[in-house]
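Residue 374 in our numbering is what sits at position 361 of the sequence shown, and the numbering runs on without skipping anything. Quick reminder that beta carbons are idealized off the backbone N, C-alpha and C, glycines included. Worksheet: the structure to be examined is printed underneath.
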Amino acid sequence: MLEIKALNQLARDYVAGFNVSGVAPLISNLNTSVTLFDWGQHHIPMTINDGAAGRTFVCSPRVAYVDYTLEELDHFPDRRLAPLLRGVVRGVGAALSLSSADRIVHVNNWMLSTTLPIGLDPALAQDQTRRLVEAFPNHFLAIRSLNGRHEGPFLRALEAAGWQLLPSRQVFLIDDLQEAFSQRRDLRRDEALWQKGDFLHEDLAEMTQEDARRLAHIYQLLYLEKYSALNPAFSEAFFRLTHKIGLIRYRVLRDKAAIIQGFCGVYTFGRYATAPILGYNTSLPQSLGLYRLSFHSATRYALERGLQFNLSSGATQFKRNRGASAEMEYTAYYFRHLAGARRAPFWLLKTVAQRLGEPLLRKYDL
14 MLEIKALNQL ARDYVAGFNV SGVAPLISNL NTSVTLFDWG QHHIPMTIND
64 GAAGRTFVCS PRVAYVDYTL EELDHFPDRR LAPLLRGVVR GVGAALSLSS
114 ADRIVHVNNW MLSTTLPIGL DPALAQDQTR RLVEAFPNHF LAIRSLNGRH
164 EGPFLRALEA AGWQLLPSRQ VFLIDDLQEA FSQRRDLRRD EALWQKGDFL
214 HEDLAEMTQE DARRLAHIYQ LLYLEKYSAL NPAFSEAFFR LTHKIGLIRY
264 RVLRDKAAII QGFCGVYTFG RYATAPILGY NTSLPQSLGL YRLSFHSATR
314 YALERGLQFN LSSGATQFKR NRGASAEMEY TAYYFRHLAG ARRAPFWLLK
364 TVAQRLGEPL LRKYDL
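Right, dumping it as structure tokens:
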């Protein structure tokens, strides 16, 4: 468990890494400025975008709600409904282009797919909102990766301060891994595959340059080439930075030639764990179970420490079969201070996300 002082040091080291090297050498498809913001006793990363079109969802609402959704609709289960939904999404995209949606500040943005709760004080929501508006009078404000099961009081405080909660995706959570292991056959099968010993499991204490190069390569194979180029393109330098400062613990699978063929990157805040970075050699046979083993490595890490596990989104049936239950995740936006012409497209986005997006996510269990 990390106390506030340790978390604050992580944030300082993380932001310093971006400021020393620049953003693009760490995340090649991201253009933003990274700084620290104080929320009470917490020092947290904050990203500032001044309107340039985004290329990854971690700093761009347009990419998150329009570009990424259009890609996901290629796999939508109802083929008859998909063309209509594409039209709606493109319409929202056209509206957002009139609002300078990517002129935006993201608070507590670690630039990962999933951000865990760090205990930001809900009582400070009004004052901190006022500070942010004074500092950024022409920017949208946003806080990503919030869910009611883990941060209910914080969500309610943001709403009371005038923030709007827009559903972004469903995430899958396991509150009690010990119970899940006792009840879920697929978890026991994953453990049996783990114990089989086809790969050497290593918790990287030291990361060599070759290790970092390999992690970046197999992450790219899975998340950028197989999934979407709109995912953050983490570089070798990003893997070295996050390992060096202790933000992410890398657990790897080596074959008999000591080559890394799969890995997960685990990070923990307080009572929670998640694995926002994962990769494996997608050219190897699926029968080797590299995805299962890489994911199971993170599950075991959380189990051994008695942590609640956020399995993030996607692979719905895989995660439900391992005891996870769905929870809607939200991004909170604040835009009361902006001109009406810029606010209106976000009200449209909120309406579509709440009345169409969220019900479809629940209905089709996406």
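Does DSSP classify F331 as helix, strand or coil? Under the three-state reduction of DSSP output, F331 falls in the helix class.
Mark M14 as exposed unless 16 or more other C-beta atoms lie within 10 angstroms of its C-beta, in which case mark it buried. For M14, the predicted model reports a pLDDT of 41, less than 50, meaning its position is unreliable and no value from the coordinates is stated.
Residues of its chain near N355, where Cβ-Cβ distance is below 6 Å and the 5 sequence neighbours each way are ignored: Residue identity differs from the one stated: residue 355 is Arg in this sequence, not Asn. Shown here for R355: same chain residues with a beta carbon closer than 6 Å to its own, the five before and five after excluded, namely S112 in chain order.
Less than 6 Å between C-beta atoms, sequence neighbours within five positions excluded: which residues of the same chain meet that for Y236? Excluding sequence positions up to five before and after Y236, its CB lies within less than 6 Å of the CB of N244, all in the same chain and listed in chain order.
Identify whether L94 lies in helix, strand or coil by the three-state DSSP scheme. The answer is coil: DSSP assigns L94 none of H, G, I, E or B.
I think L186 touches A337, with their Cβ atoms under 8 Å apart; what is that distance to the nearest whole Å? L186 to A337, Cβ: 6 Å. Contact.
Buried or exposed: Y232, going by 16 or more other Cβ atoms within 10 Å of its Cβ? Y232 should be labelled buried.
DSSP three-state assignment for D63, whether helix, strand or coil: D63 falls in the strand class under three-state DSSP.
Kindly indicate which residue of P166, I131 and K209 has the alpha-carbon position closest to the one of A286. Taking the Cα of A286 as reference, the smallest distance to any Cα among P166, I131 and K209 is reached at I131.
Is it true that the CB of T127 sits closer than 9 Å to the CB of G370? It is not a contact, given that the beta carbons lie outside the stated cut-off.
Return the chain-ordered list of same chain residues with a C-beta closer than 7 Å to the C-beta of E16, the five sequence neighbours on each side being excluded. For E16, where only same-chain residues beyond five positions count, there are no Cβ hits under 7 Å.
Quick one: is N318 buried, meaning 16 or more other Cβ sit within 10 Å of its Cβ, or exposed? In the sequence under discussion, the amino acid at residue 318 is Arg, which differs from the Asn named in the question. Around the beta-carbon of R318, fewer than 16 other beta-carbon atoms lie within 10 Å, marking it exposed.
Does DSSP put Y377 in a helix, a strand or coil? Here Y377 sits in coil by DSSP.
On the DSSP bridge assignment, give the partners of E192 in chain order. The partner list for E192 (beta bridge, DSSP) is empty, contrary to what the question assumes.
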